[in-house]
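Chemist:
Numbering (our numbering), first residue to last: 298 to 668.
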């Protein structure tokens, strides 16, 4: 294992030296293809994670806030907004001439408790919920009008089987909550791009429902510019062919595709695995096998997986608006704690020492290959 780690460090150093010598960067490589972006955490937004900020400014052309623009942080109490972190996030993007994305306006999760209930704790009426949605969307989008270039208007409303998630938005307003959200956002900033964003968005029934929603909104004169495909993936799933089909299907509905929240886990999936209390230690070890670094064969498999996805993105660059990584370094990634707490994962393009992994230069070289 020591030899593997040492070899990996040498490769990383060589990769960074090449990038510095040639002046290569992801944003330069993809300048004429699509935006290449990352999510920003609060330490990065507040300027306390200086090394990450340097990477973001030099490597990426687009940013999205990881958390600070979600409703529970922007409007923790009804009518009382907190914009300090979001303001700093937008200012960072403007300073570095980036394509700024707002995430997210309407989502059933990370939402303040007051949003759905009256003073007695009972569900509010449809009219009250509509007004609360409109007030929130209008206030937030209007504040950043002309500055935030695209909004994830609705997030994660459809299940893998194509049915609507039974959220409070759906229970109180039915299917209409989605077009209402897009209508309010469109009215607040007619020039901002508006997106529907979801995970596992390559499931066939989910694709059909999302396309149906897009077409219905367009027929009513409600603008929807793109579909965001959250790309939290592993080494085995999804199959590249089913992912590609989703891209082409969404594009055929007249919208751009946003590759959002991208990270590739190198760890085994715990889904479908159960563990008795007596087996906890054994289970934890099985789910967290690479605490000292990736074995060479797994690192190669992980790298090839990234390259396969980026070849696909380049192949369909006419359909893709942006590709956004969900974080900068492995240390920052949420995958270290999901779905099993305390794991050590390696899902992003920069390592825990803020160094570009060899795959970064290889991705850059992909942009120079002839189709």
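Note that beta-carbon positions come from the ideal geometry of N, C-alpha and C, so glycine has one too. Remember, predicted model here, so these are calculated numbers, not experimental data.
Identify which residue in 619, 594 and 551 has its Cα closest to the Cα of residue 559.
Modeler: By one-based count along the chain shown, residue 559 stands at place 262. Out of 619, 594 and 551, 619 has the C-alpha closest to the C-alpha of residue 559.
Chemist: Between the region 374-381 and the region 443-456, are three or more C-beta pairs nearer than 8 angstroms?
Modeler: no
Chemist: Can you look up residue 552 in the DSSP assignment and give me helix, strand or coil?
Modeler: As a position in the chain shown, residue 552 is number 255, starting the count at 1. Note: residue 552 maps to coil in three-state DSSP.
Chemist: Evaluate the contact criterion for the region 385-403 versus the region 347-366: three or more CB pairs, one atom per stretch, below 8 angstroms.
Modeler: yes
Chemist: Please work out which residues of its chain come closer than 6 angstroms, Cβ to Cβ, to residue 380, disregarding the five sequence neighbours upstream and downstream, and give them in chain order.
Modeler: In the chain shown, the residue the question calls residue 380 occupies position 83. There are no such residues.
Chemist: Inspect the CB distances between the region 590-599 and the region 363-372 and report whether three or more fall short of 8 angstroms.
Modeler: Cβ pair count under 8 angstroms is below three, so no.
Chemist: With contact counted as at least three CB pairs below 8 angstroms, one residue from each stretch, are the region 606-623 and the region 504-511 in contact?
Modeler: At 8 angstroms Cβ cutoff, the stretches do not touch.
Chemist: Hey, residue 669 and residue 489: beta-carbon distance below 8 angstroms or not?
Modeler: Lying before the first or after the last residue shown, residue 669 is absent from the chain, which here runs from 298 to 668.
Chemist: With a threshold of 8 angstroms on Cβ separation, who are the neighbours of residue 586 within its own chain once the five nearest residues in sequence on each side are excluded?
Modeler: Mapped onto the chain shown, residue 586 falls at position 289. The residues are 564 and 565.
Chemist: For residue 667 and residue 543, what's the separation of their Cα atoms in angstroms?
Modeler: Sequence index remark: in the chain shown, residue 667 carries index 370 (1-based). Sequence index remark: in the chain shown, residue 543 carries index 246 (1-based). Straight-line Cα distance between these residues: approximately 24 angstroms.
Chemist: Assign residue 659 to one of three DSSP states: helix, strand, or coil.
Modeler: Numbered from 1 along the chain shown, position 362 holds the residue referred to as residue 659. Three-state DSSP puts residue 659 in a helix.
Chemist: Could you have a look at residue 358 and say whether DSSP puts it in helix, strand or coil?
Modeler: Residue mapping note: residue 358 aligns to position 61 of the chain shown, counting from 1. Residue state, collapsed to three classes: coil.
Chemist: Checking 8 angstroms against the spacing of the C-beta atoms, do residue 443 and residue 506 come in under that value?
Modeler: Indexing the chain shown from 1 puts residue 443 at position 146. Indexing the chain shown from 1 puts residue 506 at position 209. In this structure, residue 443 keeps its C-beta atom at 8 angstroms or more from the C-beta atom of residue 506.
Chemist: At 3 residues or longer, what runs of the beta strand (DSSP E) sit wholly inside the region 561-641?
Modeler: 617-622
Chemist: Please report the distance separating the alpha-carbon of residue 515 from that of residue 491.
Modeler: For the purposes of this step, residue 515 is identified with residue 218 of the chain shown, where counting begins at 1. For the purposes of this step, residue 491 is identified with residue 194 of the chain shown, where counting begins at 1. One C-alpha to the other measures close to 12 angstroms.
Chemist: In whole angstroms, give me the CA-to-CA distance for residue 330 and residue 614.
Modeler: Counting from 1 along the chain shown, the entry for residue 330 is found at position 33. Counting from 1 along the chain shown, the entry for residue 614 is found at position 317. Distance between the alpha carbons of residue 330 and residue 614: 6 angstroms.
Chemist: Just tell me which of 497, 540, 498 and 483 has its CA closest to the CA of residue 517.
Modeler: Along the chain shown, one-based indexing puts residue 517 at 220. The option with the nearest alpha carbon to residue 517 is 483.
Chemist: Am I right that residue 478 and residue 526 are in contact with their C-beta atoms under 8 angstroms? What's the rounded C-beta distance?
Modeler: Stepping through the chain shown from its first residue, residue 478 is reached at position 181. Stepping through the chain shown from its first residue, residue 526 is reached at position 229. Rounded, the Cβ-Cβ distance is 19 angstroms, inconsistent with contact.
Chemist: Could you please give me the residues that DSSP links to residue 377 through a beta bridge?
Modeler: Within the chain shown, residue 377 is the residue found at index 80, counting from 1. For residue 377, DSSP records a beta bridge to 374.
Chemist: Going by alpha carbons, who is nearest to residue 364 out of 402, 393 and 345?
Modeler: For this step, residue 364 is matched to residue 67 along the chain shown. Distances from the alpha-carbon of residue 364 to those of 402, 393 and 345 put 402 closest.
Chemist: Identify which residue in 531, 557, 524 and 561 has its Cα closest to the Cα of residue 550.
Modeler: For this step, residue 550 is matched to residue 253 along the chain shown. Comparing Cα positions, the closest option is 524.
Chemist: Classify residue 537 as buried or exposed, calling it buried when 16 or more other Cβ atoms lie within 10 Å of its own Cβ.
Modeler: Residue 537 sits at position 240 when you count from the first residue of the chain shown. The residue in question, residue 537, is exposed, as its Cβ has fewer than 16 Cβ neighbours within 10 Å.
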